[in-house]
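Q:
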Amino acid sequence: MLTQIINASIRNRILVLLAALLAAWFGWRAMVSTPLDAIPDLSDVQVIVKTSYPGQAPQLVEE
Numbered sequence: 244m245l246t247q248i249i250n251a252s253i254r255n256r257i258l259v260l261l262a263a264l265l266a267a268w269f270g271w272r273a274m275v276s277t278p279l280d281a282i283p284d285l286s287d288v289q290v291i292v293k294t295s296y297p298g299q300a301p302q303l304v305e306e
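Below, the structure written as structure tokens:
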């Protein structure tokens, strides 16, 4: 199977070259159009929970 692929590639050099150029062009377009975030978000995850616990200290509610 591999021998057949190699022989077909040797016989059709132009098609192989065109396929490689097409793949390179699509890769270049994908690289150019992909948005990049220059500053990663390294902050801690924060979760805000709203609860009603009347008459209790905030530290007790937090625990």
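Position one of the sequence shown corresponds to residue 244 (this note's numbering), numbered consecutively onward.
We treat Cβ as the ideally placed atom computed from N, Cα and C, and that holds for glycine.
Between which two residues does the alpha helix (DSSP H) containing serine 276 stretch?
A: Here residue 276 is taken as the residue at index 33 of the sequence shown, counted from 1. Taken as a continuous stretch (DSSP letters only), the alpha helix (DSSP H) holding serine 276 covers 256 to 276.
Q: Along the chain, where does the alpha helix (DSSP H) containing valine 290 start, and where does it finish?
A: Within the sequence shown, numbered from 1, the residue matching residue 290 stands at position 47. Premise fails: valine 290 is in no alpha helix (DSSP H) and is neither H nor E.
Q: What are the boundary residues of the alpha helix (DSSP H) that includes glutamate 305?
A: In the sequence shown, counting from the first residue as 1, residue 305 sits at position 62. Here the alpha helix (DSSP H) through glutamate 305 covers 301 to 305.
Q: Is serine 252 helix, strand or coil when you go by DSSP?
A: Stepping through the sequence shown from its first residue, residue 252 is reached at position 9. Serine 252 falls in the helix class under three-state DSSP.
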